[in-house]
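Only one structure is covered here, and it is reproduced in the block below.
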Amino acid sequence: MCLLLCTCLGIQAQHKSGDMDRFIDDLMSRMTLEEKIGQLNLPVTGEIVTGQAQSSDIAGKITRGEVGGLFNLKGVGRIRDVQKLAIEKSRLGIPLIFGMDVIHGYETIFPIPLGMSCTWDMKAVEESARIGATEASADGISWTFSPMLDISRDPRWGRVSEGNGEDPYLAAEIARAMIRGYQGTDMSGNDEIMACMKHFALYGAPDAGRDYNTVDMSRNRMFNEYMLPYQAAVEAGVGSVMASFNEIDGLPASGNKWLLTDVLRTQWGFDGFVVSDFTGISEMVDHGMGDLQTVSALALNAGMDMDMVSNGFLGTLKQSIEEGKVSVETLDQACRRILEAKYKLGLFEDPYKYCDLTRPARQIFTPEHRQVARRIASESFVLLKNKDNLLPLQKKGTVTVVGPLANTRSNMPGTWSVAARLDDYPSVIEGMKEVLGNQVNVVYAKGSNLISDAAYEQRATMFGRSLHRDNRSNEELLREALVTAAQADVIVAALGESSEMTGESSSRTHLDLPDVQRHLLEELLKTGKPVVLVLFTGRPLTLTWEEEHVPAILNVWFGGSEAAYAIADVLFGDVNPSGKLTATFPKNVGQIPLYYNHKNTGRPLEEGKWFEKFRTSYLDVDNDPLYPFGYGLSYTSFDYSDIRLSSPVMSPGDDLQVTVTVTNTGKRDGAEVVQLYLRDLVGSITRPVKELKGFDKVVLQAGESREVTFRINTEMLKFYNYDLEFVYEPGEFDVMIGGNSRDLKKARFTLTH
Ligand code: BGC
20 MCLLLCTCLG IQAQHKSGDM DRFIDDLMSR MTLEEKIGQL NLPVTGEIVT GQAQSSDIAG
80 KITRGEVGGL FNLKGVGRIR DVQKLAIEKS RLGIPLIFGM DVIHGYETIF PIPLGMSCTW
140 DMKAVEESAR IGATEASADG ISWTFSPMLD ISRDPRWGRV SEGNGEDPYL AAEIARAMIR
200 GYQGTDMSGN DEIMACMKHF ALYGAPDAGR DYNTVDMSRN RMFNEYMLPY QAAVEAGVGS
260 VMASFNEIDG LPASGNKWLL TDVLRTQWGF DGFVVSDFTG ISEMVDHGMG DLQTVSALAL
320 NAGMDMDMVS NGFLGTLKQS IEEGKVSVET LDQACRRILE AKYKLGLFED PYKYCDLTRP
380 ARQIFTPEHR QVARRIASES FVLLKNKDNL LPLQKKGTVT VVGPLANTRS NMPGTWSVAA
440 RLDDYPSVIE GMKEVLGNQV NVVYAKGSNL ISDAAYEQRA TMFGRSLHRD NRSNEELLRE
500 ALVTAAQADV IVAALGESSE MTGESSSRTH LDLPDVQRHL LEELLKTGKP VVLVLFTGRP
560 LTLTWEEEHV PAILNVWFGG SEAAYAIADV LFGDVNPSGK LTATFPKNVG QIPLYYNHKN
620 TGRPLEEGKW FEKFRTSYLD VDNDPLYPFG YGLSYTSFDY SDIRLSSPVM SPGDDLQVTV
680 TVTNTGKRDG AEVVQLYLRD LVGSITRPVK ELKGFDKVVL QAGESREVTF RINTEMLKFY
740 NYDLEFVYEP GEFDVMIGGN SRDLKKARFT LTH
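Using this note's numbering, read the sequence shown as starting at 20 and increasing by one per residue.
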C-alpha cells in the first residue's frame, strides 16, 4: 500500500515537474535575449536602503522586461500595483518576485536570531518563521532573505546578532526549522514564501571581525566547522541561496565556481537559484577582479543567477555573449532557474497570489501573533547571574528603572527588522507598567546617554532608532538617577548596546559596556540597593567586571516587539528563564576567537590552570570564557545523574543509547536544555575537544526527575578527513552530557571496525 502510494506520488511529482519544464520551455522560446537577461536583474526599490545604491526608473525597466524581481518594497497595495505593471505592460507579462529581509519577524517581531537560537526550541523557531511568512505574504512578499546561517566565533563582527551562534550542529537544526516555517510543505499556500539561505559562504569569519573583510581558512575547517548549516538548508529544500560578500581562497564568493557550482550544486544537489548580495557582483571590481563586464561574466559563469543591485548582468551580459565570454546556454540556465522559482511559488498561475488586500488587517501584528512573540522572547533571555536568588523580584514596592535603553520603543525590535512599526512597541518601562498595574511603583530616570561620544552614538542609532540624546551633562543625568533611585526597593538598570550597535557594518573592537553606562552602574551599586542588570546586546560582551560586582544579570538580547512584556514576565517570576548561550562570552577581547569546540593542541593547558610556561595560555588572562557555550541559569536548579550506556562497545551500523536522569532540585518548575557532546579521542586528523551532537529541552516540575536518552549512530561520528571524505573512524569516543559545555558528565565507548 505504502509502496503504491509512494510510487504514485513520485509519478505525480514527475508529472508536475514535466508540466513545469514544458511551460518554461515554451515561455523561453518566446523570450528575447534582453528579456532573459532582465529576469536576472534584481533592483532595490529605493524605499528601504540597506546598501549604498538606489535604483531609478524602475517602472520603465519593468515594462521593458528588464526586471526579474524587486526587494524591500513594503505594502500589499504598492506591490500589487507594481505586479500589475509587469503583468499588463511588459511584453510577456512575466510576474515579478518580491523579496524582503524578513529576518526575525515582519511587524510582529521575534528576538534577533542570536537570541532566538538561545531558546534551543525548534518548535518556537519554526513558529516564528511561520508567523513571519504569514505576515510578510499578507503584505505581498513572496521571498525572504533568511535564514542567515553564517557560523561566527568573533563577537567583534556586528552580524553575529543575525546568526545562530558558534555551533554548526545547532545552526543546522535551526536552518531546517526556519525553512519549514517559511516554505511550508511546498510553497503552494499563499502564506508560504521562498526562503533564501545566506550568506554563502563563511561570511562570519572576517579577519579581525571587521565586516566585509577577507576570509581565509582551510578546507578542513570550512567543511568540519562552517558548512554544515548551509548544507542542511539545501537538504531541507531551500528555494534560493545568497552568495556572500567575502572572498574564499582568494576568489570572491560571487565569482567562485568551486563554491557556487561544484560544492553547492554538484556535491550537495541544490536546484534552486543563487542571488548575489547587495552589489556583490560589482564589488568584485574593488576586490580587483576586473571591470564590471568582466566580473559580471565571472559571476554568471560561476553559477550566479540573479544580480542584486549591481546592474552588471543587465548592463553587460549581452555584450559578453556577443564577444563569446558567456554562452547563451549559461544565460538560459540562470533564467530558467529564476522562472522555475516563480513557477514553484505559483506566480504564473496567479501573479496576485500574495496580493489579497484584505489580508493585512486580519493577519499582520495580530494579538495571537504578539502573544506567541511574547512567549518566545522570554524563552530567549539568558540569566547570566543571580546571586542569592535576587530574581525573581516581588510584585510590590518601588522599582527604579534606569538606563538609556529603558525608555526606547524603536530599539526594542533589534537590528534587521525592516518592516517594523518602530513607534508601536512598548519600551521597558511601558511594558513593565502595563504588566504590573498598580502592584509595583515603577519610576524611571535615564541616568546616562548611550555613549559619551555623541558622534559614536549617532553612528549607533541610525535608521530611525534614535535614543534621543540628552543634552544634560553626564553628572546631571547621573545625579537625577541617584535621586530617583533613593526611593527604590530595587534598581533595574537597562543598559547595553543600542540595536544598531550590531547588525551589518557594526563591528566593534571594545566589547565592554559603554563608558558612561559602566560609570552609572558603578554609582548605582554604591547605593547599596539591590541592582539587576537587564542587558541589551546583539553580541557577546565582555562582562568580567559586571560578573564580579552586579548581583543579577539578565541578558535580554533584543527580544522583539513584545520584549518589554517578556522582560516583566521574567523579572517578576511569571516565567522562569531557560535560555542558554549559543556563543561563548569571552573575558576580554584579546581572547577572541574563543569557542567551545576548539582543538586540544600539542601543548594543552591543564584544566583549571591559569598559566603554565610553554603551554598554550596567556600571561594576563586564563583560557576560560566568562560564560561558556550552552550556559544559562534558571530560577530552579537541575541535577544530572551519571551517564548510562546501553553498551561500552558500538559496532558500525548500530545505535548506542546514552541516558541520564535529570532532576529539578529547586522549588520552581523549569525547562532545562540537556546537551550531548562527543569527542573522538584519536583521529586521522586532529579532532575538537567536544562537539555538540544532540540536545533535548525538557520541562520539569519542581522535584521531578526524567530520564533523557540520546541515540548515537555512526552518522554522528563522521567528519571530513584530510582528503575531505566524510567518514567515521573506529576507536574510542567520550560522550558528555550536561546543562552547558563546561559542566558535563562523561562516559567512554569504543566504536569497533
Ligand atoms: C545584506 C543582506 C541583505 C541584503 C538585502 C545586504 O547588505 O548583506 O543580508 O539580505 O542587503 O537587503
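Virtual Cβ for every residue (Gly too), placed ideally from N, Cα, C.
Measure the C-alpha to C-alpha separation of Ala-143 and Gly-334 and round it to an integer number of angstroms.
Approximately 44 Å between the Cα atoms of the pair.
When you compare only the Cα positions, how much space is there between Thr-69 and Arg-478?
Bear in mind that the predicted position of Thr-69 carries a pLDDT of just 46, short of 50, making it unreliable; the figure below should be weighed with that in mind. Cα-Cα distance, rounded: 15 Å.
Apply the 10 Å Cβ neighbour rule to Pro-838 and answer buried if 16 or more other Cβ atoms are within range, or exposed otherwise.
Nothing about residue 838 can be reported from this structure: the residues present for the chain run from 20 to 772 only.
Hey, would you say Val-774 sits closer than 9 Å to Leu-424, going by beta carbons?
Outside the displayed span of the chain (20 to 772) sits residue 774, for which this structure offers no information.
What residue ranges within the stretch 97-126 form continuous beta strand (DSSP E) runs of no fewer than 3 residues, ordered along the chain?
116-119, all fully within the stretch 97-126.
Hey, quick one: how far does the beta strand (DSSP E) through Cys-215 stretch, first residue to last?
Its beta strand (DSSP E) spans residues 215-219.
Ends of the beta strand (DSSP E) at Arg-725?
That run of the beta strand (DSSP E) goes 724-731.
What do you get for Lys-632, buried or exposed, if any count of 16 or more other CB atoms within 10 angstroms of its CB means buried?
Counting Cβ neighbours within 10 Å, Lys-632 comes out exposed, since fewer than 16 surround it.
Which residues does DSSP list as the beta-bridge partners of Ile-267?
According to DSSP, Ile-267 bridges with Leu-270.
Out of curiosity, what's the CA-to-CA distance linking Ile-98 and Gly-159?
Spanning the two alpha carbons is a distance of roughly 6 Å.
Who are Pro-707's beta bridge partners in DSSP?
Lys-618, per the DSSP bridge assignment.
When burial is assigned at 16 or more other CB atoms within 10 Å of the CB, is Gly-288 buried or exposed?
Burial call: exposed.
At a cut-off of 8 Å, would you count Glu-523 as near the ligand BGC, judging by its Cβ distance to the nearest heavy atom?
Checking every heavy atom of the ligand BGC against the Cβ of Glu-523, one is found closer than 8 Å.
Using the Cα positions of Val-681 and Arg-41, report the straight-line distance between them to the nearest angstrom.
About 57 Å.
When you compare the stretch 724-732 with the stretch 661-680, are there three or more beta-carbon pairs, one atom per stretch, that lie closer than 8 Å?
Short answer: they touch.
Any heavy atom of the ligand BGC closer than 8 Å to the beta-carbon of Met-167?
Checking the Cβ of Met-167 against the ligand BGC gives yes.
Going by other Cβ atoms of all chains shown within 10 Å of its Cβ, with 16 needed for buried, is Ala-380 buried or exposed?
Burial call: exposed.
Please list, in chain order, all residues of the same chain as Gln-506 whose beta carbon is under 8 Å from its beta carbon, the five residues on each side excluded.
These residues qualify, in order along the chain: Thr-417, Thr-419, Val-462.
Within the continuous alpha helix (DSSP H) that includes Asn-91, where are the two ends?
That residue, Asn-91, is in no alpha helix (DSSP H); it is neither H nor E in DSSP.
Let me make sure I understand the geometry here. Which of Thr-313, Asn-468, Asp-324 has the alpha-carbon closest to that of Gly-343?
Taking only the C-alpha atoms, the option nearest Gly-343 is Thr-313.
Gly-331 and Ser-315 look like a contact to me (Cβ under 8 Å); what is the Cβ gap, rounded to whole Å?
Contact holds; Cβ gap of about 3 Å.
When you compare the CB positions of Gly-258 and Leu-364, do they come within less than 9 Å of one another, or not?
The answer is yes: Cβ separation under 9 Å.
Taking only the alpha-carbon atoms, compute the straight-line gap between Met-481 and Arg-356 and give it to the nearest angstrom.
Near 37 Å, if we compare the C-alpha coordinates of Arg-356 and Met-481.
Can the beta-carbon of Met-167 be found less than 9 Å from the beta-carbon of Met-246?
In this structure, Met-246 does not lie closer than 9 Å to Met-167 by Cβ.
Count the other CB atoms within 10 Å of the CB of Glu-368; is the residue buried (16 or more) or exposed (fewer)?
Flag for Glu-368 reads exposed.
Would you identify the three-state DSSP class for Ala-72, choosing helix, strand or coil?
Summary for Ala-72: the model assigns pLDDT 46, below 50, so the residue's position carries little reliability; its value from the coordinates is reported in the next sentence. Coil, per DSSP.
If Met-261 and Asp-296 are in contact, beta carbons under 8 Å, what's the gap, nearest whole angstrom?
That belief holds up - the Cβ atoms of Met-261 and Asp-296 are roughly 6 Å apart, short of 8 Å.
If contact is defined by three or more beta carbon pairs under 8 Å, each pair taking one atom from either stretch, is the stretch 433-451 in contact with the stretch 614-624?
Segments in contact, no.
Leaving out the 5 sequence neighbours to the left and right, which residues in its chain are closer than 7 Å to Leu-763 when beta-carbon positions are compared?
Tyr-696, Met-755, Ile-756, Gly-757, listed in sequence order.
Since Ser-136 and Ala-392 are thought to touch, with beta carbons under 8 Å apart, how far apart are those beta carbons, to the nearest angstrom?
Their Cβ separation, rounded to whole angstroms, is 16 Å, which puts Ser-136 and Ala-392 out of contact at 8 Å.
Buried or exposed: Lys-103, going by 16 or more other Cβ atoms within 10 Å of its Cβ?
So Lys-103 ends up on the exposed side.
According to DSSP, which residues form a beta bridge with Thr-680?
Thr-680 pairs with Glu-726.
Alpha carbon to alpha carbon, how far is Lys-404 from Ile-611? Give it in angstroms, no decimals.
Between Ile-611 and Lys-404, the C-alpha separation is close to 22 Å.
Going by DSSP, what residues sit across from Asp-674 in a beta bridge?
In DSSP, Asp-674 forms no bridge with anything.
Span of the alpha helix (DSSP H) holding Ala-191?
Residues 187-202.
I think Arg-238 touches Leu-743, with their Cβ atoms under 8 Å apart; what is that distance to the nearest whole Å?
About 6 Å separates the two Cβ atoms, so the contact holds.
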